[in-house]
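A.B. asks: I'd like to ask some things about the structure below.
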Amino acid sequence: MKMCPKWRPEKYFYDRFCVQLENWSKGGEKPALADQDTAYYLSLLEDRLRRKGLNYQLELERAEEDAPSARCFAGEHYSNQWEFASVRKRVVYTKNGRTLYRKKSDQTLYQMTTSADTPEEIGEKPCTCPNCGAVTRTADLVKGCPYCQARFQMSELFPKVTNFYFIRMDSQSRLKKKVSVIISAFILLTFVWMLLQRIVGGEFSLGIVLHSLFAAILAGGFTGLILTGPIIFLSMILFNSSRDVPFRAIFTKKQIIEFMKPLEPGFSYEYFEGQLMSLLRMVVLSNDVKNLAAFGGEARSDCFDHVIDLVYEGGMTVRKLYTDQDYIHMDLRTYMLDSYEENGRIYTRGDPIDISIERKRNQRPDPGFSIKLVRCKGCGGSFDASFRKTCPYCGRVYDMRNESWVMTRAVRVR
Ligand SMILES: [Zn+2]
Ligand SMILES: [Zn+2]
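Printed below as a string of structure tokens:
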């Protein structure tokens, strides 16, 4: 295996978060670069592992020399940037000092970084106090945290990692691997076949071996190259198991963009995909889903209580997209690679999950929205909606659909 270049936290923001994430998994503090919702996801994960009595260690290595790639899109007062790179991920789960599970895999790590363009205009937005960890308004932290009185510069509060998730080795590198396997197989077969013919014909010498090898590389390699496309295509149709991302997932992005364009100008599919991942994670990892404002509560599979890790397979399919008078609805099937712990056994399986989400129509998505600090429409009070659905001040039911996507259904298929 080739040597992997080290993280360069002093050079890349992306790398700094990776290092902080590793330290967190080894029992350190939550990443300082994580915003309140990302930190909330990490505490859900911590809580799940604690309930299972598991210890988790994550090691990340850069899989490529290149700097992380980035895709930017701007929101009002914010700019968001998805950065992604191939990483070599190593996870180890231990229980009472005994190793239960270890796995190494190449995955793509997506990180969304949010920076504030116009600091004075985001004063109302939630932010975590870097000193005491309380979630409060950004303007308060500049004037002095209401809980610990510490004061901060805007540059200490932003940018933040507002979302991150892993995708199983991206389809491109998986394809590259398949292509090289197919071509090598063709070369080997041609070589063996040519050599056998010569041997059967009574000839054998080093020259013949070399000659056959040379011819095999040319002929076999060429045939392999030509047939690779059709072979991959056929194998996807014939051998794709129901748990794998189906071929038609390549049309999903286009379908969703076309559906959303008239409903939300400037809709970003990448941003949406990230939102969906963080919603699904919350619903799957929450131990008290009844009081989670992000869940509308029709159905959630009980088996999710045993999930200890979720990796996105990088694809989903559309079941139904529709609107009614007030709401936008989407029924989708997402493809995940989930790790479970049951009775001291850890296993990973491909999980197709049927999800339904809804959101109020005619509402501009707010990139500064945080479930950790929402505002009651009745009395204007602010509270944390990750463990309650009613305002603690006036008792009004808080409906998160007015501000963001809410999941109403998350059911594992098969
Ligand atoms: Zn504070
Ligand atoms: Zn209220």
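Converting from the sequence shown to this note's numbering requires adding 403 to each position, the first position being numbered 1. Heads up, the beta-carbon is just placed ideally off N, CA and C, and yes, glycines get one too.
#1: Confirm the yes/no value for this check: CB of R799, any heavy atom of ligand 2, distance under 7 Å.
#2: Note down, in chain order, each residue of its chain lying with its Cβ closer than 8 Å to the Cβ of V612, except the 5 sequence neighbours on either side.
#3: Looking only at its own chain, which residues have a Cβ that is under 6 Å from the Cβ of M404, when we skip the five neighbours before and after it?
#4: Is it true that the CB of W427 sits closer than 8 Å to the CB of D418?
#5: Just the C-alpha distance for D509 and Y715, rounded to the nearest angstrom, thanks.
#6: To the nearest angstrom, how far is the alpha carbon of T751 from that of Y443?
#7: Just checking, does the segment 752-763 make contact with the segment 671-688 on the three C-beta pairs under 8 Å criterion?
#8: Can you check the segment 460-521 for any alpha helix (DSSP H) of at least 4 residues that lies completely inside it and give the ranges in chain order?
#9: Taking 8 Å as the threshold (C-beta atoms), are L666 and T726 in contact?
#10: Name all residues in chain order for which at least one heavy atom of ligand 1 lies closer than 6 Å to the residue's CB.
#11: Going by the DSSP bridge assignment, what does Y750 pair with across the sheet?
#12: Suppose you measure from the CA of D647 to the CA of D741; what does that come to, to the nearest Å?
#13: Got a sec? Which residues, its chain only, sit under 8 Å from Q439 by beta carbon, not counting five neighbours each side?
#14: Say whether the segment 464-480 touches the segment 497-507, bearing in mind that this needs 3 or more beta-carbon pairs closer than 8 Å, one atom from each stretch.
#15: Helix, strand or coil for A622? Go by DSSP, reduced to three states.
#16: Following a CB-centred definition, is Y415 positioned closer than 7 Å to any heavy atom of ligand 2?
#17: Are the Cβ atoms of V814 and S704 separated by less than 8 Å?
#18: Taking DSSP's pairing of strands, which residues face P649 in a bridge?
#19: How many angstroms separate the CA atom of W808 from the CA atom of E761?
#20: Suppose the cutoff is 6 Å on Cβ atoms and the five residues either side in sequence are ignored; what does the same chain contact list for E467 look like?
#21: Put C548 into one of helix, strand or coil per three-state DSSP.
#22: For D787, which residues from the same chain have a beta carbon less than 6 Å from its beta carbon, with the 5 sequence-adjacent residues on both sides left out?
#23: Over the uninterrupted beta strand (DSSP E) stretch that includes E432, give me the two end residues.
#24: How many Å lie between Q460 and F569 at the Cα?
#25: Mapping DSSP to helix, strand and coil, what is V800?
#26: What does the alpha-carbon distance come out to for the pair V595 and A622?
#27: Among G547, E449 and C535, which has the Cα closest to the Cα of G526?
#28: Roughly how many whole angstroms lie between the Cα atoms of F790 and D712?
#29: Given that a residue counts as buried once 16 or more other Cβ atoms are within 10 Å of its Cβ, and exposed if not, what is V584?
#30: Quick check: is any heavy atom of ligand 2 less than 7 Å from the C-beta of D677?
#31: Assuming R804 and Y730 form a contact by the criterion Cβ under 8 Å, report the distance between their Cβ atoms to the nearest whole angstrom.
#32: For G783, which of helix, strand or coil comes out of DSSP?
#33: For H709, collect the residues of the same chain with a Cβ closer than 7 Å to its Cβ; drop the 5 residues on either side in sequence, then sort them by chain order.
#34: Is DSSP giving G627 helix, strand or coil here?
#35: Who does L724 pair with in a DSSP beta bridge?
#36: Considering T565, what are the terminal residues of the beta strand (DSSP E) in which it resides?
C.D. replies: So, from the listed chains and residues:
#1: Working through the sequence shown from its first residue, we reach residue 799 at position 396. For ligand 2, at least one heavy atom lies less than 7 Å from the Cβ of R799.
#2: Within the sequence shown, residue 612 is the residue found at index 209, counting from 1. So the list reads L598, once near-sequence residues are dropped.
#3: The sequence position of residue 404 within the sequence shown is 1, counting from 1. Only weak support is given to the placement of M404: the predicted model assigns it a pLDDT of 47, under 50, and the question is left unresolved by the model.
#4: Taking the first residue of the sequence shown as position 1, residue 418 is located at position 15. Taking the first residue of the sequence shown as position 1, residue 427 is located at position 24. No, these two residues do not count as a Cβ contact at 8 Å.
#5: As a working mapping, residue 509 is identified with position 106 in the sequence shown. As a working mapping, residue 715 is identified with position 312 in the sequence shown. If you take the alpha carbons of D509 and Y715, they lie about 13 Å apart.
#6: Mapped onto the sequence shown, residue 751 falls at position 348. Mapped onto the sequence shown, residue 443 falls at position 40. Roughly 24 Å separates the two Cα atoms.
#7: yes
#8: none
#9: Here residue 726 is taken as the residue at index 323 of the sequence shown, counted from 1. Here residue 666 is taken as the residue at index 263 of the sequence shown, counted from 1. Contact flag set, yes.
#10: C532, N534, C535, A537, C548, Y550, C551 and A553
#11: As a first step, residue 750 must be located in the sequence shown, where it is residue number 347. Paired residue(s): Y743.
#12: Counting from one through the sequence shown, the residue named residue 647 turns up at place 244. Counting from one through the sequence shown, the residue named residue 741 turns up at place 338. D647 and D741: Cα-Cα distance of roughly 13 Å.
#13: Within the sequence shown, the letter at position 36 stands for residue 439. Closer than 8 Å at Cβ, skipping near neighbours: P529, C530, T531, V538, S773, K775 and L776.
#14: no
#15: Within the sequence shown, residue 622 is the residue found at index 219, counting from 1. Helix, per DSSP.
#16: Counting from 1 along the sequence shown, the entry for residue 415 is found at position 12. Every heavy atom of ligand 2 is 7 Å or more from the Cβ of Y415, so no.
#17: Stepping through the sequence shown from its first residue, residue 814 is reached at position 411. Stepping through the sequence shown from its first residue, residue 704 is reached at position 301. Going by C-beta atoms, V814 is nearer than 8 Å to S704.
#18: One-based indexing of the sequence shown puts residue 649 at position 246. Per DSSP, none; premise fails for P649.
#19: On the sequence shown, position 405 is the one that residue 808 refers to. On the sequence shown, position 358 is the one that residue 761 refers to. W808 and E761: Cα-Cα distance of roughly 6 Å.
#20: Numbered from 1 along the sequence shown, position 64 holds the residue referred to as residue 467. Closer than 6 Å at the Cβ level, and outside the excluded window around E467, lie S489.
#21: The residue you call residue 548 lines up with position 145 of the sequence shown. In this structure, C548 counts as coil in the three-state DSSP scheme.
#22: To locate residue 787, count along the sequence shown from 1; it is residue 384. Excluding positions up to five away in sequence, the list reads K775.
#23: The sequence position of residue 432 within the sequence shown is 29, counting from 1. Looking at the DSSP string, E432 is not in any beta strand (DSSP E), and its letter there is neither H nor E.
#24: As a working note, residue 460 is residue 57 in the sequence shown. As a working note, residue 569 is residue 166 in the sequence shown. Cα-Cα distance, rounded: 16 Å.
#25: Within the sequence shown, the letter at position 397 stands for residue 800. Looking at V800 - three-state DSSP - the assignment turns out to be strand.
#26: Within the sequence shown, the letter at position 192 stands for residue 595. Within the sequence shown, the letter at position 219 stands for residue 622. In a straight line, the C-alpha of V595 is about 13 Å away from that of A622.
#27: Locating residue 526 in the sequence shown gives position 123, counting from the first residue. That would be G547, whose Cα lies nearest to the Cα of G526.
#28: Start at 1 with the first residue of the sequence shown, and residue 790 comes out as number 387. Start at 1 with the first residue of the sequence shown, and residue 712 comes out as number 309. One C-alpha to the other measures close to 21 Å.
#29: On the sequence shown, position 181 is the one that residue 584 refers to. Exposed, by the Cβ-count rule.
#30: Position 274 of the sequence shown, counted from the first residue, corresponds to residue 677. Looking at the sequence provided, one finds Gly at residue 677 rather than Asp. Answer for G677: no, Cβ out of range of ligand 2.
#31: Residue numbering aside, residue 804 sits at position 401 when the sequence shown is read from its first letter. Residue numbering aside, residue 730 sits at position 327 when the sequence shown is read from its first letter. Right, the Cβ-Cβ distance comes to about 7 Å (below 8 Å), so this counts as a contact.
#32: Counted from its first residue, the sequence shown places residue 783 at position 380. Coil.
#33: For the purposes of this step, residue 709 is taken as residue 306 along the sequence shown, with counting starting at 1. If we look at H709 and ignore the five residues flanking it on each side, its Cβ neighbours are Y743, E744 and E745.
#34: Against the sequence shown, residue 627 aligns to sequence position 224. DSSP places G627 in helix when its eight states are reduced to three.
#35: On the sequence shown, residue 724 is found 321 positions in, with the first residue counted as 1. Per DSSP, M733.
#36: For the purposes of this step, residue 565 is taken as the residue at position 162 of the sequence shown. Element bounds for T565: K563 to R571.
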